[in-house]
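Before any comments, here is the structure.
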Amino acid sequence: MMESSNNIIVLSRRIQEAIEVSMNPMSSKLERQEATKVNLDFMQNSPLCGDVGLYFFKNKELNTTVRMCGLQILGQFIRSKWNELNDHVKTSIKKEVVDMVYTCDQNEPSFIKEGLVKVFVEVVKRTWPQEWETLLSDLSGLQSIGDAQLEIVMKIFHTMSDDIHNMDDKIKAQRRKDMLITLNTHMDGLFTFFFGTLRYSATKLATEPTKANIIITKATLETITSFCTWVSFEHILSKDNLLLQTLLLLLENNELKLLAAECMSTIFERKVQYEERLKMMILLSDDALKILVKAARSANGLSKNDGEEYTFLKKLNNALTEFGVNQISNLWGDDKGFKDEPAGFPSYVQLLLEFTQHDSLYIVTNTLRTWNSFYANEAMKKNKVLRKAMDQLLDILTSKVMKDTDPFSANSSEASLYNLYDFSDEDEYKGYFHSSRSAFSNLLEHLIEISPGKVLYNALVQLNNCLAVEPPDVSNMSMQQIMETKYYTALETLSFYCKHSVQPVLEHHIERITPEMLAGCNTILKKVLDYKCEVVDFRLHLLKTIDTLFCIFKVNKEHLLETVQMLFTLITEVVDPNSGKKKIQLQRQACFAFTSICKTIPETLCEIYEELEPYIFARLEEKYLTNHEKGVLLEGLLRISTKNPDKEKQKSFMIKVTSFLKDSLARELIQNALKSPEGLSFLLGIHEGEHTEQTDQELSRLLLTIHSWSAITKACVYMPIDQIPEQPPDQDIEASTTTSPWIQPMIQILPQIFCLAEQYCMVWKMKDKYSLTIQAVLDSHYTDVKLQYPENTVKPNRNFGRGLASLQTIYAVLYAGIVNIASCHGPLLYSLPGLCDVIIQKMVTPWTYLPTNKLGKIWRSLISSFVKGCPLRFYDVNVAPLLGHALPLTFEKLNADWQEMKDILANKPQLVKSEKQETETEEIKKINLLDRFTEHFISAVCSMLLYRRSYEAGSSQITSEGIEFGNLGKYIITQEGLSTMMMQVMFTALTWNSSGIVSRISNYILPIINTEFNGNSRLASNIVDQLFILIIQAIEIHGRDQHVFTSLTTIAFHFYVKARLQFPSLVRIMIMIPGCADDKLKEFDLNYFGCDQVENVTEKRRKKVKAQFKNLIEGARGEDLSMLYRENIVIKDLPRLPKREKESRSLLNSKNEDIVGLTQLFGT
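Residue numbers 1 to 1164, in the UniProt record's numbering, belong to the letters of the sequence shown in order.
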């Protein structure tokens, strides 16, 4: 560095004035701006900023703010200018920073020491170990000078650990590696130094609790904690667990216990080996547990009035729960560390119970993680201590599951003080409360497996307590006030407890429940049924509670009729549309509850089937229920009918429903809608004519019909299928199954459904014939964005809006029903003559008119389900023709869209700036839609290739040769036409501007290549050339992404070596790549194909030739993505940026022979 001179002193005074002005609260805004500008210009442009920074720090007469700024200036100088400095200046800076540490005294403010440490470490990161081999020796000498230097040395190691391991992402990979290797080489000595310092200062604290001793111990603890996140665990547990023993002793020191608990938590979070876990079990010794229990109880007693004590309690709780989750539960098992409980385990469990009793939601939720890990462990759940703790644990959690009053409201309880401390707002509190509820529900699942009777008994006690809460007078309350009442909280808890404790016990363990407990459940149900109130929120929770108790009717039908009557009272209640969403939600919940009871006890409901059938059919004609709810009711009735022992009644109901659907579809307006898009537009009201009441009624009828049809097909999917004795795979198991009798009549309606699907597509074809208003609405469906009407157009009336909503409903329900039928996996559907021709004519061909987002979802659900559901013997009839038409049609649309997008992006720099914002918005919208469409399409294709039936052996795992396909995938890639089309789709997709697609399909291309070129390929030479050119184009487009380039290199390598012998024309394509000379390519061919048998190429040789091939195609990589859309824009009036750091070209070899061992240097 330059020696101090008058120039430096003058410059320092000017910068000092600027710093003082910028820091002075009395300075004007303009003055602070000018001062800041002077400082920035000085730091970025002045070659003397390092000298000024040193001058500021060394001049102790200056105020500490200026001296700290001096350290910041010096640190910035080192970061930005280091590579431009000569060796003499670098050596001078190293000497200066060492002298700065040497002269530092204990009275320096802590932030000055922190700044000094950062400057020191910045030099270390640029010089050690190659250019500062004596660093450790220098630090050894510094730490022995005094307490200030020992503290700073500890902080230097702390900062080095953080920056080198993960914090500083600007460190070059090689430099980081060199420093980590050197640190690890001397880690034994370092930890000897750390432990010795910690033990010495901790012992000294007992007799001399001075501020200096506390500061040194804190710095040592922080350093050890930082290293404990990543060093080898053998160092942490060295010297007979000296670190853990010391940390336990420090828990008794009020100044240091927080850092000690944090260090323990860091250690216990680590995933370690079996032997290392065993060593940590000293925490369960009597002496250790006495210290832990004492520390926890002491902090608990003070935590309500002392935030620091509460923070320590949370840290200690976190350490002990991590110890249980990561160490004890992983060590306990029949084939693991120990079969019997450790000696101190009962005391540890008792401490966990005390944590569970705490009023803090954070501590309770954290402790639940440990309980879950214990009771999920098959060996631990048999332990007597944990079995005994169950009763107490359930009693404690019973009081915790009820939601506390909002800690941010005026009515908050005393226990809410902890929540106010932990959570910044109401939303954060609610989110954490739901996490706690989720952890508790998981715990209940484990406890139910162990003792369902205990869980149910405890639940009944809690439910009776909830129902004992007196309802408030809500006449003058707002909805917010109602939801804050204790009664609402009790009902919410009631529904939660019934869902997660009573319902699973009754569903899966009802045979293990005593008659007294079943009577208790029946009593709870009766109390809920007798409740009378008009508050919708109360009724919603009560209805959810009733829904969870339906299983009781399997053994006790006392309140069955009353329950069904209550449900239908809610269902048939006329709801005013203006009364709010809550009442509509209540009505819909009642419909779902009816379907739920039909699923749960269909045999029991057969007894009242005679009354239910006419009642539900009467509801189908009502206007106050939505079509979705009517479909749900019909689905419930269907589930009862399938369990009716009277087959004649089953047949009668089937005929009645089928006739209802057929009669609806035969109506004149609906028939017109099935025959032409104009007819469907008229029925929907998206036309220029008047929408009459009759049209509205017929539209409702059509929607009800497709809802009912979809609901029935959905029920068919989940109906049990009668299996005949299992056949070998070659006899096609799917063809040997019989499906529900409902499939046949539902299939009979398919022609009309396909016609409706066709007209739905054709409506989009007519879009340009509609008014601007209708076009705007259809466009909103295309882009899935908020609707905006064009200027000078009239907004449509309500009927028009209902028609457009109905168009969406038709799309959703229609295709869902077709997917349901395809999902039944029976031969009945696929054996229909001409099925595939109808699908192609009515659905596939009209797809060209559908918007992009609709077509993508159809591929993901409909086509994928239909193809995967097809039995093996119908592949030739259905799969080959369907994919033969659908694949090229979709591929052409996708490829055209991506080419258009490529052209738009290529012309983007030429956009006029004033028009750019609006145009970019449209582009982003199109790109997002195209990405989603492509993702859906590729996902569907890949899922079909991977699909495996239950009898197919093996699993679809990614290997070096790609993914192993199932029978469906193997069929597709062995069919000549399908295979060629699939290859064209896959290889062209590599060239689309989406690296995510490339990563997704890379593993699927390899087995296609291996299959197609395994022997004599059927492909023509020109097609093979085109496919290989597509791979090269993909490398040009995506090659700068290293991960994608690796995947594409693997594809190119496999393609070339598999096809090269049969298609010599690939050589001509290869030598067109820049850098791929003819002689180099011949050398590669000789190395790979020169082997006697190519199949016997060893893995080592394959890696070598693959690396050689990678060098050959390296020239195909295109420009960086950031350079493709570069604009020639000159940015003015900005300060100069610091020059980019240059990577050192020659690094000295890291030789550590001359470094003195740290054990000797850091003597204790």
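Here a beta-carbon is modelled for each residue, glycine too, at the ideal position from N, C-alpha and C.
Cβ distance (whole Å) where residue i is taken to contact residue j below 8 Å
| i | j | result |
| --- | --- | --- |
| E61 | K113 | The Cβ separation is near 19 Å, so there is no contact. |
| T713 | M746 | 6 Å |
| L637 | E610 | The Cβ separation is near 12 Å, so there is no contact. |
| L1112 | L1086 | With a Cβ gap of about 13 Å, L1112 and L1086 do not count as contacting. |
| E603 | K649 | E603 to K649, Cβ: 14 Å. No contact. |
| G53 | L71 | 7 Å |
| R437 | F496 | 7 Å |
| H1054 | L1006 | 6 Å |
| P109 | T64 | 6 Å |
Range covered by the alpha helix (DSSP H) that runs through residue i
| i | result |
| --- | --- |
| T1011 | 995–1012 |
| L371 | The residue you asked about is not Leu; residue 371 is Trp in the sequence shown. Per DSSP, W371 belongs to the alpha helix (DSSP H) from 361–376. |
| A148 | 147–162 |
| I1037 | 1021–1038 |
| I171 | Element bounds for I171: n/a, residue is neither H nor E. |
| Q63 | Reading off the sequence shown, one finds Asn at residue 63, where the question assumed Gln. Note, N63: premise wrong, no alpha helix (DSSP H); not H, not E. |
| E534 | Premise fails: E534 is in no alpha helix (DSSP H) and is neither H nor E. |
| R387 | 384–400 |
| H165 | Taken as a continuous stretch (DSSP letters only), H165 belongs to no alpha helix (DSSP H), as it is neither H nor E. |
| I972 | 967–974 |
| I571 | 560–571 |
| K499 | No alpha helix (DSSP H) holds K499; DSSP gives it neither H nor E. |
| H628 | 627–641 |
| T311 | 307–322 |
| H509 | Note, H509: premise wrong, no alpha helix (DSSP H); not H, not E. |
| K218 | 211–228 |
| R948 | Segment: none, R948 is in no alpha helix (DSSP H) and carries neither H nor E. |
CA-to-CA distance, residue j to residue i, given in whole angstroms
| i | j | result |
| --- | --- | --- |
| F120 | V89 | 15 Å |
| R701 | D663 | 10 Å |
| L221 | N253 | 13 Å |
| I19 | H158 | 30 Å |
| Q1042 | D178 | 24 Å |
| L250 | Y348 | 20 Å |
| M981 | T991 | 16 Å |
| A1052 | R1117 | 13 Å |
| F1063 | S943 | 31 Å |
| Q452 | R369 | Here residue 452 turns out to be Pro, not Gln, going by the sequence shown. Answer to the nearest angstrom: the Cα atoms are 21 Å apart. |
| V10 | N59 | 14 Å |
| F1031 | T988 | For the sequence presented, residue 1031 should be read as Ile rather than Phe. Distance between the alpha carbons of I1031 and T988 is about 8 Å. |
| L494 | T485 | 14 Å |
| L190 | D105 | 24 Å |
| T246 | V293 | 17 Å |
| M2 | K1106 | In this prediction, M2 has a pLDDT of 46, which is less than 50 and means its spatial position is unreliable; what the coordinates show is noted afterwards. M2 and K1106: Cα-Cα distance of roughly 55 Å. |
| R79 | N107 | 28 Å |
| H936 | S999 | 15 Å |
| E309 | F77 | 42 Å |
| A206 | M281 | 27 Å |
| F111 | A379 | 52 Å |
| M154 | M187 | 14 Å |
The segment 194–207 / the segment 94–110 touching (three or more Cβ pairs under 8 Å): no
Pairs of beta-carbons, one from the segment 623–635 and one from the segment 661–676, closer than 8 Å: are there three or more? no
Taking 8 Å as the cut-off, does the segment 874–888 touch the segment 844–851 (at least 3 CB pairs, one atom from each stretch)? yes
Is the segment 381–392 touching the segment 257–269, taking contact as three or more C-beta pairs under 8 Å? no
Flag this pair as touching only if the segment 892–902 and the segment 861–868 have three or more C-beta atom pairs under 8 Å; answer yes or no. no
Three-pair Cβ contact test at 8 Å for the segment 547–566 versus the segment 579–599: yes
Counting Cβ pairs, one atom from each stretch, are 3 or more of them under 8 Å apart for the segment 438–454 and the segment 490–504? yes
Meets three-Cβ-pair contact criterion under 8 Å: the segment 465–478 and the segment 502–519: no
Would you check if there are 3 or more beta carbon pairs closer than 8 Å linking the segment 385–400 to the segment 348–359? yes
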